[in-house]
Amino acid sequence: MGSCFSVQIKAESPLHAGSASKHPSVPPTPRSQAEILQSSNLKSFAFNDLKVATRNFRPDSVLGEGGFGCVFKGWIDENTFAATRPGTGLVIAVKRLRQEGNQGHKEWLTEINYLGTLYHPNLVKLVGYCLEDEHRLLVYEFMPRGSLENHLFRRSSYFQPLSWNLRMRVALGAAKGLAYLHSPEAKVIYRDFKTSNILIDSKYNARLSDFGLAKDGPVDGKSHVSTRVMGTYGYAAPEYMVTGHLTTKSDVYSFGVVLLEMLTGRRVIDKNRPTGEHNLIPWAKPYLTSKRRIFYVMDARIQGQYTLAAALRATSLALKCLSVEPRSRPDMDQVVKALEQLQDMKISANSKSEVLQKHRGA
Ligand SMILES: Nc1ncnc2c1ncn2[C@@H]1O[C@H](COP(=O)(O)OP(=O)(O)O)[C@@H](O)[C@H]1O
Ligand SMILES: [Mg+2]
């Protein structure tokens with residue numbers, strides 16, 4: 001586990017700062033902090049309760065670490081929300097803001113603003129928050145299977161590699177979560193879709209978390225919102241990095257990156273790989289549409305669990321999401337449909353032997 005003191009570098013360009021305010025007609029009017037905290041159905045925790053619930057933020061209860069801070073495991077009573085003995089009551093994950101300053105507070109409030117009002121089976125549930133002196137914390141339902149990042153990239157006996165079927169299940173769940181965010185009902189751009197922000201519950205449902213960078217989608221027929229460029233290198237869409245113009249298609253690009261990571265078992269950027277393999281997308285691209293060479297880039301840990309046809313469908317979906325031209329990318333509803341069709345493709349005896357043959361011949 002990390003030190004919980006390191007700082008994750010997020011891509012940030014002040015060049016595009018504040019351009020959203022150029023459009024006086026941009027509704028909806030942002031809600032004030034008091035409105036956000038009052039209107040949500042969330043419990044306001046005292047700092048001391050969370051301190052006790054996490055046994056004084058014990059280092060051995062750290063579940064993960066991101067740009068915002070460390071996340072600790074804790075236990076509270078389901079009805080009174082008071083801290084309980086470890087192993088009893090409701091298991092929670094407590095995210096504690098590390099950074100001083102405005103950006104951290106803004107992300108904390110943004111997360112409450114969205115997760116306090118959006119409900120979907122593929123979003124993580126926010127239980128409450130703490131705002132006391134300089135303390136800023138968020139309290140979520142605990143996700144027993146951790147993040148997709150841990151399953152794909154952590155080599156430990158605790159995290160077994162996910163099977164092909166489970167990868168497709170998680171991909172579909174995450175796609176449904178994004179499709180909901182983009183729907184007219186929610187109209188939100190997530191902006192930080194990556195494997196560490198996709199959590200997995202006990203039934204292997206994907207649950208999106210970490211809404212600190214989320215944004216209201218464009219209104220009044222506009223195609224994009226103008227923003228400061230924030231997000232994570234490797235996952236952010238190229239046109240967004242250049243212009244700061246954010247659209248739902250920026251999220252679709254990030255989805256393509258994650259899908260490709262799931263298929264190959266490789267990180268989008270990995271400086272530990274040999275030269276020429278640091279950037280997953282340009283390295284993998286030539287192999288992804290080739291019936292004979294696709295197996296070269298597929299994750300060896302799921303070898304033999306899928307048909308050639310299914311693998312080609314999945315890689316072609318990832319490639320469409322990664323189109324340089326945003327308009328060529330599918331929308332998330334189409335991605336959901338494509339992944340549902342993929343789930344329906346069952347391995348027949350014939351196609352299974354075809355997979356094995358191709359492996360030998362590859
Ligand atoms: N509800 C939760 N249940 C279990 N683990 C969690 C939960 N929330 C976060 N984590 C772990 O902590 C990590 C960082 O959480 P995240 O919300 O992404 O923080 P940040 O905003 O700092 O990026 C996740 O990648 C995951 O491993
Ligand atoms: Mg995160």
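Residue 120 in UniProt numbering sits at position 120 of the sequence shown; the count goes up by one each step and never skips. Note that beta-carbon positions come from the ideal geometry of N, C-alpha and C, so glycine has one too.
6 Å CB neighbourhood of residue i in its chain, flanking five on each side removed
i       : result
Lys-73  : Ser-61, Leu-63
Arg-266 : Leu-280
Arg-244 : The amino acid at residue 244 is misidentified as Arg; the sequence shows Gly. His-16, Ser-226, Thr-227, Val-229, listed in sequence order.
Trp-283 : Glu-277
Pro-144 : Ser-202
Val-257 : Tyr-235, Val-268
Identified DSSP bridge partners for residue i
i       : result
His-245 : Ser-226
Val-91  : Trp-75
Val-188 : Asp-216
Ile-198 : Leu-208
Residue span of the alpha helix (DSSP H) that contains residue i, given as start and end
i           : result
Ala-309     : 308 to 321
residue 365 : Lying before the first or after the last residue shown, residue 365 is absent from the chain, which here runs from 1 to 362.
Tyr-287     : 280 to 288
Val-52      : 47 to 53
residue 369 : Missing from the structure shown is residue 369; the chain here goes from 1 to 362 and no further.
His-120     : Neither: His-120 is in no alpha helix (DSSP H) and is coded neither H nor E.
Glu-35      : 33 to 39
Glu-149     : 148 to 153
Leu-342     : 332 to 344
Residue i, buried or exposed, once every other Cβ within 10 Å from all chains shown has been counted against 16
i       : result
Pro-326 : buried
Arg-167 : buried
Gln-343 : exposed
Ser-290 : exposed
Ala-300 : exposed
Asp-220 : exposed
Asp-133 : exposed
Val-297 : buried
Leu-356 : Low confidence applies here, because Leu-356 scores a pLDDT of 44, under 50, leaving its location unreliable and the question unanswered by this model.
Ser-156 : exposed
Tyr-82  : Contrary to the premise, residue 82 reads as Ala rather than Tyr in this sequence. By the neighbour-count rule (16 or more Cβ atoms within 10 Å), Ala-82 is not buried but exposed.
Val-242 : exposed
Lys-176 : buried
Arg-191 : buried
Ser-223 : exposed
Cβ shell of residue i (< 8 Å), same chain only, five flanking positions each side left out
i       : result
Ser-39  : Arg-31, Gly-116, Thr-117
Phe-68  : Lys-95, Leu-97, Arg-98, Gln-99, Gly-104, Glu-107, Trp-108, Asp-210, Gly-212
Lys-285 : Leu-319
Met-345 : Thr-307, Ala-309, Ala-310, Arg-313
Leu-259 : Ala-171, Ala-314, Leu-317, Ala-318, Cys-321
beta-carbon residue i near ligand 2 non-hydrogen atom, thresh 7 Å
i       : result
Asn-197 : yes
Asp-216 : no
Gly-231 : no
Limits of the unbroken beta strand (DSSP E) element including residue i
i       : result
Ala-206 : 206 to 208
Glu-134 : Segment: none, Glu-134 is in no beta strand (DSSP E) and carries neither H nor E.
Glu-65  : 62 to 65
Ligand 1 heavy atom lying under 7 Å from the CB of residue i
i       : result
Ala-93  : yes
Asn-150 : yes
Met-143 : yes
Asp-210 : yes
Ser-147 : yes
Gly-69  : yes
Close beta carbons around residue i, own chain, < 7 Å, minus the five adjacent residues each side
i      : result
Ala-20 : Here Ala-20 scores only 31 on pLDDT, less than 50, and its place in the model is too uncertain to base an answer on.
CB contact check: residue i to chain B, cutoff 8 Å
i       : result
Tyr-158 : The chain inventory of the structure shown lacks chain B, comprising one protein chain alone.
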